[in-house]
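Report on the following structure.
Number of protein chains: 2
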Amino acid sequence: MSETTADRLVYRGKEYTCGIDVTLAVVGGKWKASILWHLAQQTMRFSDLQRQFSDTTRKMLTQQLRELETDGLVHREVYPQVPPKVEYSLTEKGMSMYPILLQMGNWAREHLRD
Amino acid sequence: MSETTADRLVYRGKEYTCGIDVTLAVVGGKWKASILWHLAQQTMRFSDLQRQFSDTTRKMLTQQLRELETDGLVHREVYPQVPPKVEYSLTEKGMSMYPILLQMGNWAREHLRD
DNA sequence: CAGGATCCAAGATGATACTG
DNA sequence: CAGTATCATCTTGGATCCTG
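In order, the protein sequences belong to chains A and B. Residues in the first sequence are numbered consecutively from 961, following our numbering. Residues in the second sequence are numbered consecutively from 961, following our numbering.
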């Protein structure tokens, strides 16, 4: 992330009005917060994630994981064997997001009673 | 927000896998975080917000404000006069989100260097 | 001034089939 | 097992015009 003029931020070629929006761009995608939460509990194989997100297509899951990997929050470890084995885990950067995710969860429970 | 079975949450008719996703649904919309941040600084008229978000259409701004109002984060005060005057401010619930927004902004600055 | 209504383009997501 | 490719669809966001 780099700063330009008058509080404008640039991250990966896109402009944002504030850091909050950058964070939302990184963790706000569909399923991303959930993925991060699950990976914070334990390293998981792709098939484990598929089980957790049974109503999500493989395509979406893969896509979101790739983006999280690109942003450096998730590490993807490929074991060169047949059948393939791929494990996903959080990087330090990913871990650093965890406390904020917890607070977001708590906020919903405390403030959004129907 | 209410709980159903196996960690499933329901908020305003939609199902979510966790509270984090509910929070993201509420504050993750386009411009919403920015709107909340600005309103945390001061009450603003619609025209003030238009100036701040000059590259946003009235339609989008109105839509996002309406949703924030529905979710109880923003208060909309209409003054019955001609020409109309409408002021937007944060509710207590909206204010309660502010610390988390700040943390999200800080996280981006600390962890997302290009 | 502060919007609402309508139509359309673009982007995000889903279904399905195929692969090393 | 862990994907990719392609096509269809559903949802968002923008442009434009109208109103009390």
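For every residue, glycine included, the Cβ atom is placed at its ideal position computed from N, Cα and C.
Own chain partners of residue i with C-beta closer than 8 Å, once the 5 adjacent residues on each side are dropped
i, result
"residue 991 of chain A", "1013, 1016, 1020, 1021, 1024"
"residue 1036 of chain B", "1025, 1029, 1046, 1047, 1048"
"residue 982 of chain A", "961, 969, 971, 976"
"residue 1011 of chain A", "none"
Nearest neighbour of residue i, chosen from the options [CA to CA]
i, options, result
"residue 994 of chain B", "B:1048, B:1052, B:1061", "B:1061"
"residue 980 of chain A", "A:1057, A:1065, A:1066", "A:1057"
"residue 1000 of chain B", "B:1070, B:1064, B:1050", "B:1050"
"residue 1073 of chain B", "A:1053, A:1039, A:1011, A:989", "A:1053"
Whole-angstrom distance between residue j and residue i, CA atom to CA atom
i, j, result
"residue 1033 of chain A", "residue 1059 of chain B", "23 Å"
"residue 984 of chain A", "residue 1041 of chain B", "38 Å"
"residue 1043 of chain B", "residue 998 of chain B", "24 Å"
"residue 1031 of chain A", "residue 1009 of chain A", "19 Å"
"residue 963 of chain B", "residue 1018 of chain A", "27 Å"
"residue 1055 of chain A", "residue 1067 of chain B", "12 Å"
"residue 1064 of chain B", "residue 1002 of chain B", "20 Å"
"residue 978 of chain A", "residue 1069 of chain B", "10 Å"
"residue 1071 of chain A", "residue 1071 of chain B", "28 Å"
Cutoff 7 Å: residue i Cβ touching any chain A Cβ
i, result
"residue 993 of chain B", "yes"
"residue 981 of chain B", "yes"
"residue 1035 of chain B", "no"
"residue 1049 of chain B", "no"
"residue 984 of chain B", "yes"
"residue 988 of chain B", "yes"
"residue 977 of chain B", "yes"
Neighbourhood of residue i by C-beta distance below 6 Å, restricted to the same chain and skipping five residues each side
i, result
"residue 973 of chain A", "none"
"residue 1006 of chain A", "1046"
"residue 989 of chain B", "1024"
"residue 1004 of chain A", "1048"
"residue 1038 of chain A", "1046"
Chain-ordered neighbours of residue i on chain A, where CB pairs are closer than 8 Å
i, result
"residue 1020 of chain B", "Neighbours of residue 1020 of chain B on chain A: none; closest Cβ ~14 Å, over 8 Å."
Under 9 Å from the C-beta of residue i: neighbouring residues of chain A
i, result
"residue 1056 of chain B", "1067, 1070, 1071"
Other residues of its chain near residue i: CB distance less than 7 Å, five sequence neighbours each side excluded
i, result
"residue 987 of chain B", "993, 996, 1057"
"residue 1027 of chain B", "989"
Chain B within 7 Å of residue i, Cβ atoms only
i, result
"residue 1064 of chain A", "yes"
"residue 1061 of chain A", "yes"
"residue 961 of chain A", "yes"
Under 7 Å by beta carbon: chain A residues contacting residue i
i, result
"residue 1045 of chain B", "The premise fails here: residue 1045 of chain B is roughly 26 Å from chain A at the closest Cβ pair, so nothing lies under 7 Å."
7 Å Cβ cut-off: residues of chain B touching residue i
i, result
"residue 1053 of chain A", "1071"
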